[in-house]
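> Following numbering that gives the first Met the number 0, the numbering of the sequence shown begins with 0 at its first residue and continues without gaps.
Once you've had a glance at the structure underneath, I'll fire off some questions.
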Amino acid sequence: MSYERAMSVRKKHVSPGYLTYYRQPVMICQGHMQYLWDTSGKRYLDLFGGIVTVSVGHCQPKVKQALRDQMDLLWHTTNIYLHPKIHEYAEKLVARLPGDLKVCYFTNSGSEANELAVKMARLHTARHDVVALRNAYHGASPYTVALTASSNWQYNLPRTSAVVHAVNPYLSQKYNSAQLARNARMRLALWLKG
Ligand SMILES: Cc1ncc(COP(=O)(O)O)c(C=O)c1O
Numbered sequence: 000m001s002y003e004r005a006m007s008v009r010k011k012h013v014s015p016g017y018l019t020y021y022r023q024p025v026m027i028c029q030g031h032m033q034y035l036w037d038t039s040g041k042r043y044l045d046l047f048g049g050i051v052t053v054s055v056g057h058c059q060p061k062v063k064q065a066l067r068d069q070m071d072l073l074w075h076t077t078n079i080y081l082h083p084k085i086h087e088y089a090e091k092l093v094a095r096l097p098g099d100l101k102v103c104y105f106t107n108s109g110s111e112a113n114e115l116a117v118k119m120a121r122l123h124t125a126r127h128d129v130v131a132l133r134n135a136y137h138g139a140s141p142y143t144v145a146l147t148a149s150s151n152w153q154y155n156l157p158r159t160s161a162v163v164h165a166v167n168p169y170l171s172q173k174y175n176s177a178q179l180a181r182n183a184r185m186r187l188a189l190w191l192k193g
C-alpha cells in the first residue's frame, strides 16, 4: 500500500485516537535487527529505541524461527489448560532472576502489567493509596491512566481514586532545582505520615 493511500485510509477509517508523531509520519515497512526501512527505501538505525517490545531487535532471526515453529504447531490456547511453552518460559526466566523472584505472571502489555501490579499491591497490603511520579507514563487503561500524570493522556472522566502524584526528586535535582526536589520530598513525607 502506498504512503498516500495509507494516509487516506487512516483519515477515513482509523480512529484519530491513534496518535502519530510528526505531521508526515514515517511509514515503516521492513525491519531487520537494528535497522528499519520506510516505504521510500530509507534505512533507519535504532528508530524505536524507546519502545520496549523491540528490545531484541526487529525480525530477530532466532525469535522469528521460534514464532514460525510455534505457528506451525499451535497458535492459540488458554491458561485454563496446560501448555508446554508457558512452563518452559517460566522455568528459563526464573533461572535468571535474583533472590525470591521465582513466580511469573505473564501479561500482554505494559498497561496490563501495571494494572496487575497495583491490584496485587493493594490486595497484599490492604492499603489503597498509590504514589506515582509526575510526567511519567504508565499506560492508558482505567487504572494506569490515573497513574499517568501527563495531560496528553487525561480526559474529563471519573478516575480511580487514591492516586497521588509527586514530583520526581531525581529529575528535579538533575535540572538544578534542589528546592523543588526538597519540596517534593517534604510533601511526600507529610502525605505518607497521613
Ligand atoms: C514506562 C511505560 N509504562 C507503561 C506503558 C504501557 O504499555 P502498553 O502500551 O504496552 O500498555 C508504556 C508504553 O509505552 C511505557 O513506556
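We put the CB at the ideal spot given by N, CA and C, even for glycine.
Predicted model, so just to flag it, every value in this text is computed and none were measured.
Can you list, in chain order, the residues of its chain with a C-beta nearer than 7 Å to that of Ser110? Leave out the 5 residues immediately preceding and following it.
Excluding sequence neighbours, Ser110 sits near Gly138, Ala139, Ser140, Thr143.
> Just reading off the beta strand (DSSP E) that His31 is part of, what are its end residues?
Run containing His31: 27–31, per the beta strand (DSSP E) assignment.
> Let's test the definition: count the other Cβ atoms within 10 Å of the Cβ of Asn113 and tell me whether it reaches 16, buried, or not, exposed.
Asn113 comes out buried.
> Pick out whichever of Cys58, Ile27, Ser54 has its Cα sitting closest to the Cα of Lys41.
Ranking Cys58, Ile27, Ser54 by Cα distance to Lys41 puts Ile27 first.
> Keeping to the same chain, check which residues put their C-beta closer than 8 Å to that of Leu115; ignore five residues upstream and five downstream.
Counting only Cβ-Cβ distances below 8 Å, and skipping sequence neighbours, we find Tyr104, Thr106.
> Where does Thr19 land, buried or exposed, given buried means 16+ other C-beta within 10 angstroms?
Classification of Thr19: exposed, given that the 10 Å Cβ count is below 16.
> Would you say the beta carbon of Asn113 is closer than 8 Å to some non-hydrogen atom of ligand 1?
Yes, the beta carbon of Asn113 sits closer than 8 Å to at least one heavy atom of ligand 1.
> Which residues bound the beta strand (DSSP E) around Ala165?
Segment 162–165, the beta strand (DSSP E) holding Ala165.
> Give the C-beta separation of Arg133 and Ala148 to the nearest angstrom, bearing in mind that I take them to be a contact with Cβ-Cβ under 8 Å.
That pair is a contact at about 4 Å.
> So, is Leu73 buried or exposed, given that buried needs 16 or more other C-beta atoms within 10 angstroms?
Counting Cβ neighbours within 10 Å, Leu73 comes out exposed, since fewer than 16 surround it.
> Out of Val162, Arg67, Glu87, point me to the one whose CA is closest to Arg121's CA.
For Arg121, the nearest C-alpha among the options comes from Val162.
> Shortest alpha-carbon distance to Ala5 belongs to which of Tyr21, Thr38, Trp190, Met32?
Measuring from the Cα of Ala5, the nearest candidate turns out to be Thr38.
> Could you compute how far the alpha carbon of Val55 sits from the alpha carbon of Lys91?
Those two C-alpha atoms are separated by around 17 Å.
> Just list the beta strand (DSSP E) runs in the segment 38–124, keeping only unbroken ones of 3 residues or longer that don't cross its boundaries, in chain order.
Runs of the beta strand (DSSP E) inside the segment 38–124: 42–44.
> To the nearest angstrom, how far is it from the Cα of Tyr43 to the Cα of Ala135?
Cα to Cα, Tyr43 sits roughly 27 Å from Ala135.
> For ligand 1, is there any heavy atom lying closer than 8 Å to the beta carbon of Ser140?
Checking every heavy atom of ligand 1 against the Cβ of Ser140, one is found closer than 8 Å.
> Indicate the three-state DSSP secondary structure (helix, strand or coil) for Ser171 in the structure shown.
Summary for Ser171: the model assigns pLDDT 49, below 50, so the residue's position carries little reliability, and this model does not support an answer.
> Relative to the C-alpha of Cys58, which candidate in Trp152, Leu96, Leu35, Val130 has its C-alpha closest?
Answer by Cα proximity: Leu35.
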